[in-house]
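2 protein chains.
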Amino acid sequence: MYTLYSMRRSGNSYKVRLALAQLGIAHELMEVDILRGETRTPEFLAMNPSGHVPLLQVAPEKFLPESNAILWYLAENTPLLSDDPVERAATLQWMFFEQHALEPNLGAAWFWLVLVKGGRELQQHALEEWMEEGYRALGVMDKHLSRQDFLADDRYSIADIALYAYTHVAEQCDFDLALFPAVRDWLDRVAAQPNHVAMDWHPDLKMVAAQ
Amino acid sequence: MYTLYSMRRSGNSYKVRLALAQLGIAHELMEVDILRGETRTPEFLAMNPSGHVPLLQVAPEKFLPESNAILWYLAENTPLLSDDPVERAATLQWMFFEQHALEPNLGAAWFWLVLVKGGRELQQHALEEWMEEGYRALGVMDKHLSRQDFLADDRYSIADIALYAYTHVAEQCDFDLALFPAVRDWLDRVAAQPNHVAMDWHPDLKMVAAQ
Chain A
8 MYTLYSMRRS GNSYKVRLAL AQLGIAHELM EVDILRGETR TPEFLAMNPS
58 GHVPLLQVAP EKFLPESNAI LWYLAENTPL LSDDPVERAA TLQWMFFEQH
108 ALEPNLGAAW FWLVLVKGGR ELQQHALEEW MEEGYRALGV MDKHLSRQDF
158 LADDRYSIAD IALYAYTHVA EQCDFDLALF PAVRDWLDRV AAQPNHVAMD
208 WHPDLKMVAA Q
Chain B
8 MYTLYSMRRS GNSYKVRLAL AQLGIAHELM EVDILRGETR TPEFLAMNPS
58 GHVPLLQVAP EKFLPESNAI LWYLAENTPL LSDDPVERAA TLQWMFFEQH
108 ALEPNLGAAW FWLVLVKGGR ELQQHALEEW MEEGYRALGV MDKHLSRQDF
158 LADDRYSIAD IALYAYTHVA EQCDFDLALF PAVRDWLDRV AAQPNHVAMD
208 WHPDLKMVAA Q
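So the sequences go chain by chain: A and B.
Anchor point for the first sequence: position 134 equals 141 in this note's numbering, and the numbering is continuous, going up by one each time.
Anchor point for the second sequence: position 206 equals 213 in this note's numbering, and the numbering is continuous, going up by one each time.
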């Protein structure tokens, strides 16, 4: 059985939890609090030298980091990933877009404005750029989603999961989604998918710190 | 036949040119000068709303952006991408790492310090962070490459192509690779692969501006 090292309020971790839930894959969930430095301990760094969650243990000595790589690994040969080469490439296209255009801006805003107490004051200089670049990314998504229901294809895929994670909390960190009606409608379509779970949902959580 | 829209001195574009050369895939190459705004014309934005190169035309009305998504599309069922699910996930892991940890720092330094005249003065405030974060990414690579010859596996793959692109020009934009001997040795191994081509190589180049 897989073990997932995850943080409940991390959008990157949520991607993997959502895919595991929708694919019905049994797993053990270990809660890791990055705000308490739990990804910087020697034990954690031995599993993932980058010091990030999520991290999926796929074999006794084999750990897979990077949320979108984990999504791809889990979704192969499932309804969440197409068999068609061009559709698969479009899926990856949006997942790479997420990592360089959306997550560095919406994810950073989420981390510093919502998770870290006093973060807004600490990061005031960076916030303006996150907002500008984040709005640019949302604009690209909105234009695309005004023409099709889901990002990579006409059906829901791991590309939608990857971009939903930080977009669905954007309004909690200053972004006004009223400017992007196609994005808002897409958020509703994603949340209406079978076996959707919320970011803070998990029935059986173990705390790494309590081990 | 594929058409690749590419810029000769863009590391992201180079990844795709290198893969096409090593896979022996015939293609037409269109040179696009981003410094002259050629990715911001209505004609180019109609092909790629994100306004970036590289862009691969895979069918008359089908354009694929994102360098690493293009690499994956081209490399499926070739020696540049494993069939093993865990090795494939490790390949993607490093390609996502490249897009959020390496390219935003080494790629930005390359663009502003080497391609843009006067860029160093314009970006002085950002350079310190690019250097710090870029060195952190190189450190993660160096540790990993001190234990294995190639990034995702024991053999050369598109993960190596993806991270080679900006790492092999890092010393042209202030990074000192003497600090990372395993990275330097890996650069030599990559450059020694069959049918390797240099960043500025192409025998048959057409200029978009001359169309």
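Glycine included, C-beta positions come from ideal geometry on N, C-alpha and C.
About 6 Å separates the Cβ atoms of A159/A and W101/A, confirming a contact at the 8 Å cut-off. If you look at A28/A, you'll find it in the alpha helix (DSSP H) that goes G18 to L30. Residue pairing by DSSP places Q155/A in no beta bridge whatsoever. Counting only residues of its own chain and dropping the five nearest sequence neighbours on each side, H209/A has a CB closer than 6 Å to the CB of L36.
Taking all protein chains shown into account, H132/A has fewer than 16 neighbouring C-beta atoms within 10 Å of its C-beta and is therefore exposed.
Around the beta carbon of K22/A, a 10 Å sphere encloses 16 or more other beta carbons of the protein chains shown; the residue is thus reported as buried. With fewer than 16 other CB atoms across the displayed protein chains lying within 10 angstroms of its CB, V123/A is exposed. Identification of chain A residues near W117/B by a Cβ-Cβ cut-off of 8 Å yields none; the smallest Cβ-Cβ distance measures about 15 Å.
For A199/B, the secondary structure class from DSSP, reduced to helix, strand or coil, is coil. With the criterion set as a beta carbon lying under 8 Å from some beta carbon of chain A, the members of the stretch 146 to 158 of chain B are V147, K150 and H151, in sequence order.
For the pair A33/B and M8/B, the CB atoms are nearer than the 8 Å cut-off.
In the three-state reduction of the DSSP assignment, Q131/A falls in the helix class, which pools H, G and I. Contact holds between the stretch 107 to 121 of chain B and the stretch 165 to 174 of chain B, because three or more Cβ pairs, one in each stretch, are under 8 Å apart. Residue-level contact by beta carbon holds for Q106/A and chain B, with a gap shorter than 8 Å. Pairing Q200/A with Y142/A gives a Cβ-Cβ distance that is not under 8 Å. Interface with chain A (8 Å Cβ-Cβ cutoff): Q64/B is excluded. Taking C-alpha positions only, L25/A is separated from D207/B by approximately 43 Å. Among the CB atoms of chain B, none fall inside 8 Å of the CB of A169/A. Comparing alpha carbon positions, the residue from L129/A, S153/A, A116/A and G125/A closest to E136/A is A116/A. Judged by DSSP secondary structure, S74/A falls outside any beta strand (DSSP E) and instead within the alpha helix (DSSP H) spanning S74 to A82. Contact between V60/A and I77/A does not hold, since the beta-carbon distance rounds to 11 Å and is not under 8 Å. Here DSSP, grouped into helix, strand and coil, assigns E38/B to strand. The beta-carbon of W137/A is placed no less than 8 Å from the nearest beta-carbon of chain B.
With respect to G58/A, R47/A sits close: the two C-beta atoms are nearer than 8 Å.
Its chain contains K22, L25, A26 and L78 as the residues whose beta carbon lies nearer than 7 Å to that of I168/A, once the 5 sequence neighbours on both sides are disregarded; these appear in chain order. Measuring C-alpha to C-alpha distances from A185/A to each of R154/A, A205/A and G146/A identifies G146/A as the nearest. With 16 or more neighbouring CB atoms inside 10 Å of its own CB, E73/B falls in the buried class.
At a Cβ-Cβ threshold of 8 Å, A198/B and S153/B do not count as neighbours.
Contact residues of the stretch 82 to 98 of chain B toward chain A are E83, P92, V93, R95, A96, A97 and T98 (C-beta to C-beta distance below 9 Å). Neighbours of Y80/A in chain B, taken as residues at a C-beta separation under 7 Å, are given in chain order as P92 and A96.
Every unbroken stretch of the alpha helix (DSSP H) spanning 4 or more residues and falling wholly within the stretch 39 to 64 of chain A is given here in chain order: 49 to 54. At a cut-off of 8 Å, the C-beta of L109/A has no neighbouring C-beta in chain B. When Cβ-Cβ separations below 8 Å define contact, Q100/B makes contact with chain A.
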